[in-house]
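**Q** Please see the structure below; I have some questions.
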Amino acid sequence: MTAFTTTPEQQIEVYKIASKMSENGLSAEFIADVVPMACIYEGAFELMELWAESDDDAERDEIVADLQDEAERLKEMRAGTFKAPRIDFDDLEKNAEAVLEFKRELRALVDRLGGISELSERSGIPQPSLSRFFSSASFPRNTTIYRLVNALLPERARFSWTSPISITQISAMIWEEQN
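Residue numbers 10 to 188, in this note's numbering, belong to the letters of the sequence shown in order.
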């Protein structure tokens, strides 16, 4: 993300786009995350402009997912929990399989508790971001995991931002919840 300062006119444009996002059903939490980011990061500002200019729902969904990813990355950096894991090339396939298995288990719990729409509403994570999350083998960000656990298992969510939680811990909680 490139730091820049928006002009007052650009800030007004960001607020107009935010209002349009709200009218289109995006959560207040998502909008509250991306508006300040768009005021200080040029890429986020441009993504919001692209979203406003697009008439294609699929393109808008991709833009929302990109904005969500950036918002979560920024939260992790600010909270000091951003730690890029070092994964050896030889371990990539094994780790990808573990992540996909975790996401399959999590998706089963999500479906049992009301589905993606319900999870989006509970977590404040837009549906396009959740769809991307469940369809990729990428390692989930800590902020995403915390938000999902808080939405799915609020009575179990006792994590601090300075204590990263592992997929193994989440998988154990999911297994306990299902059994």
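Think of the CB as a built atom: it goes at the ideal place given N, C-alpha and C, for glycine as much as any other residue. Computed from a predicted structure; not experimentally measured.
Assuming residue 141 and residue 81 make a contact with CB atoms under 8 Å, what is their CB distance in whole Å?
**A** Residue 141 sits at position 132 when you count from the first residue of the sequence shown. Residue 81 sits at position 72 when you count from the first residue of the sequence shown. Going by Cβ atoms, the distance from residue 141 to residue 81 rounds to 12 Å, so no, they are not a contact pair.
**Q** Look at the alpha carbon of residue 152 and the alpha carbon of residue 69, and state the distance between them as a whole number of angstroms.
**A** Position 143 of the sequence shown holds residue 152. Position 60 of the sequence shown holds residue 69. Taking the straight line from one Cα to the other gives about 22 Å.
**Q** Should residue 73 and residue 137 be called a contact, given that it needs their Cβ atoms to be closer than 8 Å?
**A** On the sequence shown, position 64 is the one that residue 73 refers to. On the sequence shown, position 128 is the one that residue 137 refers to. Yes.
**Q** Taking all protein chains shown into account, decide if residue 30 is buried (16 or more other Cβ within 10 angstroms of its Cβ) or exposed.
**A** Here residue 30 is taken as the residue at index 21 of the sequence shown, counted from 1. Per the 10 Å Cβ criterion, buried.
**Q** Anyone know if the C-beta pair for residue 112 and residue 143 falls short of 8 Å?
**A** Here residue 112 refers to the residue found at position 103 when the sequence shown is read from its first residue. Here residue 143 refers to the residue found at position 134 when the sequence shown is read from its first residue. Yes, these two residues count as a Cβ contact at 8 Å.
**Q** Closest to residue 34 by C-alpha separation, out of 160, 51, 107 and 134, would be which residue?
**A** For the purposes of this step, residue 34 is taken as the residue at position 25 of the sequence shown. That would be 134, whose Cα lies nearest to the Cα of residue 34.
**Q** For residue 42, does the count of other Cβ atoms within 10 angstroms reach 16, so buried, or fall short, so exposed?
**A** Sequence index remark: in the sequence shown, residue 42 carries index 33 (1-based). Answer is buried; the Cβ neighbour count reaches 16.
**Q** Excluding the five sequence neighbours on either side, which residues of its own chain have a C-beta within less than 8 Å of the C-beta of residue 20, listed in chain order?
**A** Within the sequence shown, residue 20 is the residue found at index 11, counting from 1. Here the set comprises 48.
**Q** If you draw a straight line from the alpha carbon of residue 193 to that of residue 61, how long is it in whole angstroms?
**A** No answer is possible for residue 193: it lies beyond the span of the chain, which begins at 10 and ends at 188.
**Q** Leaving aside the five residues before and after residue 131 along the sequence, list all residues of the same chain whose C-beta is less than 6 Å from its C-beta, in chain order.
**A** Indexing the sequence shown from 1 puts residue 131 at position 122. Around residue 131: 160.
**Q** What does the alpha-carbon distance come out to for the pair residue 36 and residue 17?
**A** As a working mapping, residue 36 is identified with position 27 in the sequence shown. As a working mapping, residue 17 is identified with position 8 in the sequence shown. Looking at the two C-alpha atoms, the distance is approximately 25 Å.
**Q** Work out the CA separation of residue 75 and residue 109 for me, nearest whole Å.
**A** In the sequence shown, the residue the question calls residue 109 occupies position 100. In the sequence shown, the residue the question calls residue 75 occupies position 66. Straight-line Cα distance between these residues: approximately 20 Å.
**Q** Among the candidates 32, 64, 22 and 67, whose CA atom is the shortest distance from the CA of residue 53?
**A** One-based indexing of the sequence shown puts residue 53 at position 44. Ranking 32, 64, 22 and 67 by Cα distance to residue 53 puts 22 first.
**Q** Tell me which residue opens and which closes the alpha helix (DSSP H) that residue 17 is part of.
**A** Sequence index remark: in the sequence shown, residue 17 carries index 8 (1-based). Segment 17-32, the alpha helix (DSSP H) holding residue 17.
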